[in-house]
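Heads up: the sequence shown at position 133 corresponds to 165 in my numbering, and the numbers run straight through without jumps.
C-beta: ideal position from N, C-alpha, C; glycine also.
Computed from a predicted model, the values in this text were never measured in an experiment.
To start, the structure under review is shown below, and the notes come after it.
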Amino acid sequence: MEYLSFELPIKELMDQYQTCSLVGEESGVDVKLACSQIEDKILEKKKEIYSNLTPWQRVQLSRHPDRPYTLDYIHGMADKGSFLELHGDRNFADDPAMIGGLITLDGQRVMIIGTQKGRTTKERQHRRFGMPNPEGYRKALRLMKLAEKFNIPVVTLVDTPGAYPGLEAEERGQGEAIARNIFEMVQLKTPIFTYIIGEGASGGALGIGVGNKVYMLENTWYTVIAPESCSSILWRNWDHKEDAANALNLTPKDALREKFIDGIIEEPLGGAHYDQETTYLNLKNSILQNIKAFSKFTGQELETQRQDKFIAMGQFKG
């Protein structure tokens, strides 16, 4: 387990607990009481730290290297052997930073699409750190259109620091691809449910983020720009990333208050990586509940609800 800087007090207690257990095993001395007391301290410290997270600390948790990614959720939620990955945009190429395909959740067929990061250095480069090219967004739209044709609900999982900013991506129409997705998703005649499972930055997130319902996991963020980039623009360096995180109102509670999202999916104490199975179950239950709730909506009703939802965002009354 890798610990973030603000989690070091927990690590110290965990080290004490491991030492206590080791002493008991090697010496034969009964250390159950001592170890139990350390366990209680660990729980108390976790509650103290995770109930008072700053926006920047939540950003750090969303990027934790042990945190589950889109493929982890797919394999953790889907019925065994049901995932059929689909590739390519039928225009230029396949994009490994954007994955998608058909799965079943307790027998319910779903088209699932999401941005994918990598674990190793080589895989991170291959996936471009979860930053899709235009062909990634066009692949996502192709799969959504396919789902619409067969009346299959669409689920999108967002975990991206933004769309890929490379020269070739711009030459192939990065801005148009994202804009086209937003335009088409609003009009789709099948239910769309979006979940922010990690980072949700800018148009890179919106390119697959126009849903009838939008949710954020507890330790994620969703805003127009990454805190480091905001700091770089306003202060000409990254030193003010914490100030930027505070100013951007990027936490799930901020987004829920401003009605950008419809709810927050609870994570295990410490984050999704502490108990991935519980996180998968929480997300799966939310998806199935939403599919059931929207099952009687007509295509036109789904489109109207989605339009009204996003048109209402950003309205200001003086």
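Using the DSSP secondary-structure output, state which residues sit across from G146 in a beta bridge.
Answer is I131, L189.
Are three or more beta carbon pairs between the region 41-53 and the region 245-254 nearer than 8 Å?
As far as the Cβ criterion goes, the region 41-53 does not touch the region 245-254, which means the pair count is below three.
Flag this pair as yes or no: are the beta carbons of L320 and D138 separated by less than 8 Å?
Against a cut-off of 8 Å, the Cβ pair of D138 and L320 comes out as a contact.
Please list, in chain order, all residues of the same chain as K291 whose beta carbon is under 8 Å from its beta carbon, the five residues on each side excluded.
So the list reads A344, M345, once near-sequence residues are dropped.
Would you kindly work out how many angstroms separate the C-alpha atoms of I404 and K64, rounded to a whole number?
Look at the range of the chain in this structure, 33 to 350, and you will see that residue 404 is not part of it.
For Y35, is the classification buried or exposed, using 16 other Cβ atoms within 10 angstroms of its Cβ as the cut-off for buried?
Exposed, by the Cβ-count rule.
Rounding to the nearest angstrom, what Cα-Cα distance links I74 and G230 in this structure?
Those two C-alpha atoms are separated by around 25 Å.
Would you mind sorting H158 into buried or exposed? The rule is 16 or more other CB atoms within 10 Å of its CB.
It counts as exposed.
Which of the three DSSP states is assigned to V63 in this structure?
The answer is coil: DSSP assigns V63 none of H, G, I, E or B.
Given that a residue counts as buried once 16 or more other Cβ atoms are within 10 Å of its Cβ, and exposed if not, what is A325?
Counting Cβ neighbours within 10 Å, A325 comes out exposed, since fewer than 16 surround it.
Is the CB-CB distance between V186 and T147 below 8 Å?
Not closer than 8 Å, so no.
Please classify W270: does DSSP put it in a helix, a strand, or coil?
Coil.
Do you know how far the Cα of Q92 is from the Cα of G150?
Computed Cα separation, rounded: 17 Å.
Can you give me the Cβ contacts of F38 inside the same chain, cut-off strictly under 7 Å, excluding the 5 residues immediately before and after it?
Taken in chain order, the residues that qualify are I81, Q89.
Based on DSSP bridge pairs, tell me the residues matched to M345.
Beta-bridge pairing links M345 to no other residue.
May I have the straight-line CA-CA distance separating P193 from C262, to the nearest angstrom?
The alpha-carbon atoms of P193 and C262 are separated by roughly 12 Å.
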